[in-house]
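Note that the protein sequences, when read in sequence, are chains A and B.
If you're matching positions, the first sequence starts at 109 in our numbering and goes up one per residue.
If you're matching positions, the second sequence starts at 109 in our numbering and goes up one per residue.
Ideal Cβ positions, reconstructed from N, Cα and C, are used throughout, including at glycine.
The structure presented is a predicted model; accordingly, all values stated were derived computationally and were not measured.
Contents: one structure, followed by commentary.
There are 2 protein chains.
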Amino acid sequence: MTSANPVTTTIQRKETYAQKRARAIAAAASVFAERGYHGATTKDIADRLGIRQGSLYYYFKSKEEALEEVCILALRDYVHAMEQITSSSLSFGEKIFHIVHSHLSSYRDDNEALKVHNDQRLYLPEERRERIKKDGSRYRVMLEDLFHQEVLNGTMPADTDCQFAAQSVIGLCNAWGALIIRDPLLDVEDLTQKCSTMVLNGFHHQHP
Amino acid sequence: MTSANPVTTTIQRKETYAQKRARAIAAAASVFAERGYHGATTKDIADRLGIRQGSLYYYFKSKEEALEEVCILALRDYVHAMEQITSSSLSFGEKIFHIVHSHLSSYRDDNEALKVHNDQRLYLPEERRERIKKDGSRYRVMLEDLFHQEVLNGTMPADTDCQFAAQSVIGLCNAWGALIIRDPLLDVEDLTQKCSTMVLNGFHHQHP
DNA sequence: GCGGCATTCTATAAATCAATAGAAATTCAG
DNA sequence: CTGAATTTCTATTGATTTATAGAATGCCGC
Numbered sequence: 109m110t111s112a113n114p115v116t117t118t119i120q121r122k123e124t125y126a127q128k129r130a131r132a133i134a135a136a137a138s139v140f141a142e143r144g145y146h147g148a149t150t151k152d153i154a155d156r157l158g159i160r161q162g163s164l165y166y167y168f169k170s171k172e173e174a175l176e177e178v179c180i181l182a183l184r185d186y187v188h189a190m191e192q193i194t195s196s197s198l199s200f201g202e203k204i205f206h207i208v209h210s211h212l213s214s215y216r217d218d219n220e221a222l223k224v225h226n227d228q229r230l231y232l233p234e235e236r237r238e239r240i241k242k243d244g245s246r247y248r249v250m251l252e253d254l255f256h257q258e259v260l261n262g263t264m265p266a267d268t269d270c271q272f273a274a275q276s277v278i279g280l281c282n283a284w285g286a287l288i289i290r291d292p293l294l295d296v297e298d299l300t301q302k303c304s305t306m307v308l309n310g311f312h313h314q315h316p
Numbered sequence: 109m110t111s112a113n114p115v116t117t118t119i120q121r122k123e124t125y126a127q128k129r130a131r132a133i134a135a136a137a138s139v140f141a142e143r144g145y146h147g148a149t150t151k152d153i154a155d156r157l158g159i160r161q162g163s164l165y166y167y168f169k170s171k172e173e174a175l176e177e178v179c180i181l182a183l184r185d186y187v188h189a190m191e192q193i194t195s196s197s198l199s200f201g202e203k204i205f206h207i208v209h210s211h212l213s214s215y216r217d218d219n220e221a222l223k224v225h226n227d228q229r230l231y232l233p234e235e236r237r238e239r240i241k242k243d244g245s246r247y248r249v250m251l252e253d254l255f256h257q258e259v260l261n262g263t264m265p266a267d268t269d270c271q272f273a274a275q276s277v278i279g280l281c282n283a284w285g286a287l288i289i290r291d292p293l294l295d296v297e298d299l300t301q302k303c304s305t306m307v308l309n310g311f312h313h314q315h316p
């Protein structure tokens, strides 16, 4: 055997293509989130990367491909977190809490990819949209199943509409997510607590 | 007195400028809803009206003005409906029901102006955005006050965060609204029932 | 029918933008 | 150092788009 492969043993002094491309996707996410897909220009993205407009095409075949990549990125971590939570041994209430927390946190910490997925994905042509749709549906179905399980357990009314419940949780989180991005003062921990409580028990209204 | 004003007594054989402009705003709303503000062209709007691109400028000084008008239109009816409901003698639960119903219905019936307001208003420059912001806030505050009143009545926990509650109801309705527009099969009456119940009592989860 | 006003059209200016081709620069192994 | 591969740059093309100016058309009262 010859000496160990320098690629894996040498300290990396230069970013790989994949790493630089990942930064390009993040830059695209940021710009798309701020100005929308059509409102953003390839120059905006290039500027954020410190390269020229034309150079961007070394990483993307088209602006459209950049949007698709942003959407794929957004869903990857998002779905992964959901898988971790639903397969854990937490109680139902705790799972909901973690799901909401993970969802809201991603708006604060991550990049703006999730917002771009929510707001701009419909501007993708059919074919590209289909490709990312699967992951989005998977997320919704996992949440749906979580509710469904709870109905079978008897800890939720038998007539609960689990599709409605799942979609509502997602919608609520996305609505607050949009606000979280725009208002740095919003406290994710506090919102997580309030959203989970609301989902499970509403605002506790008592008939007078 | 001379003969009665023909404008008011004669059967209208021709649309007034205001009416035609209103149709232009509706066309803009429709196109903006479908393609987004930046993705829509003035030609798209003109096509939907059956006029030429240049002729559109008889009704708008700019594309930007068209977007502002769409947002103003969206909020006018929206705020008006809220005023009617909150000032009525309905019970709290009924009011929430009507508010949700009015909100969701507007996505089904009206034009797509409300969706445009939600998704595209941030692309307006500061000054124009400020002008429409007031109406949006008014809606939220009215809803907030409704919750606040209920806390004072003692039919809701004293520590209820009314701002959170109001924003959540709006967010939930907007999330479902976006789905309603895309899926004609969704039943607004059914969704209204489920959304109101969820807001008031959550999904009735019982600790096992 | 005529004069004036309202409405729409044609044609075009000016700016912007995505995408490409090929040259330059950088990096790196031998 | 040298040559090849990678990465970035320059320069440009072609298409699109907003907005304007001025001409043409339609409409209405008289």
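Answer yes or no: does any C-beta atom of chain A fall closer than 8 Å to that of residue 276 of chain B?
yes
Is the separation between the beta-carbon of residue 282 of chain B and that of residue 274 of chain A shorter than 8 Å?
no
Please classify residue 228 of chain B: does DSSP put it in a helix, a strand, or coil?
helix
Establish whether the CB of residue 279 of chain A and some CB of chain B are separated by less than 8 Å.
yes
Candidates A:269, A:242, A:240 and A:243, of which the one nearest residue 254 of chain A by Cα
A:269
Counted within 10 angstroms of its Cβ, other Cβ atoms place residue 304 of chain A as buried (16 or more) or exposed
buried
Are the C-beta of residue 186 of chain A and some C-beta of chain B separated by less than 8 Å?
no
Buried or exposed: where does residue 267 of chain A fall if 16 or more other Cβ atoms within 10 Å of its Cβ makes it buried?
exposed
At a CB-CB cut-off below 7 Å, which residues of chain A make contact with residue 314 of chain B?
263
Please name the residue in A:308, A:210 and A:272 whose C-alpha comes closest to that of residue 300 of chain B.
A:272
Which residues in the same chain have their Cβ closer than 8 Å to the Cβ of residue 153 of chain A, if we skip the five residues on either side of it in sequence?
132, 135, 136, 139, 164 and 174
Give me the chain A residues within the contact set of residue 149 of chain B, using Cβ-Cβ distance strictly less than 7 Å, ordered along the chain.
By Cβ distance, chain A contributes nothing, its closest Cβ being about 10 Å from residue 149 of chain B, past 7 Å.
Please list the residues of the region 298-311 of chain A that have a C-beta atom closer than 7 Å to any C-beta atom in chain B, keeping them in chain order.
302, 306, 307, 308, 309, 310 and 311
Where do the N-terminal and C-terminal ends of the alpha helix (DSSP H) with residue 189 of chain B fall, by residue?
171-194
Can you give me the Cβ contacts of residue 129 of chain B inside the same chain, cut-off strictly under 7 Å, excluding the 5 residues immediately before and after it?
167
Which class does residue 261 of chain A belong to by DSSP, given the choice of helix, strand or coil?
helix
Would the region 203-220 of chain B and the region 155-163 of chain B be scored as touching if the rule is three or more Cβ pairs under 8 Å?
no
Whole angstroms are fine: how far does the CA of residue 308 of chain A sit from the CA of residue 126 of chain B?
49 Å
Going by DSSP in three states, residue 275 of chain B sits in which element: helix, strand or coil?
helix
Can you tell me whether residue 169 of chain A is buried or exposed? The criterion is at least 16 other CB atoms within 10 Å of its CB, across all chains shown.
exposed
Can you say whether residue 226 of chain A is buried or exposed, counting buried as having 16 or more other CB atoms within 10 angstroms of its CB?
buried
Is residue 223 of chain A closer than 8 Å to residue 278 of chain A when the C-beta atoms are compared?
no
Under 8 Å between C-beta atoms of residue 247 of chain A and residue 178 of chain A:
no
Kindly give me the distance between the Cβ atoms of residue 231 of chain A and residue 144 of chain B, rounded to whole angstroms, as I take these residues to be in contact under 8 Å.
6 Å
Rounded to whole angstroms, what's the CA-CA distance from residue 263 of chain A to residue 257 of chain A? Just pull it up for me.
9 Å
Mind pulling the chain A residues with CB within less than 7 Å of residue 272 of chain B?
302
Going along chain B in order, which residues have a C-beta closer than 7 Å to the C-beta of residue 227 of chain A?
227
Is the CB of residue 158 of chain B under 8 Å away from at least one CB in chain A?
no
Taking residue 268 of chain A as the query, report the chain B residues whose CB atoms sit under 9 Å from its CB, ordered along the chain.
311 and 312
How big is the Cα-Cα spacing for residue 242 of chain B and residue 297 of chain A?
29 Å
Pick from A:291, A:237, A:239 and A:252: whose alpha carbon is nearest that of residue 204 of chain A?
A:252
Reduced DSSP secondary structure (H/G/I, E/B, other) of residue 111 of chain B
Note that residue 111 of chain B scores a pLDDT of 37, beneath 50, so its modelled location is shaky and nothing firm can be said.
Tell me which residues of the region 192-221 of chain B have at least one Cβ-Cβ distance to chain A shorter than 9 Å, keeping chain order.
199, 200, 201 and 204
Candidates A:150, A:191 and A:312: closest to residue 244 of chain A by CA position
A:191
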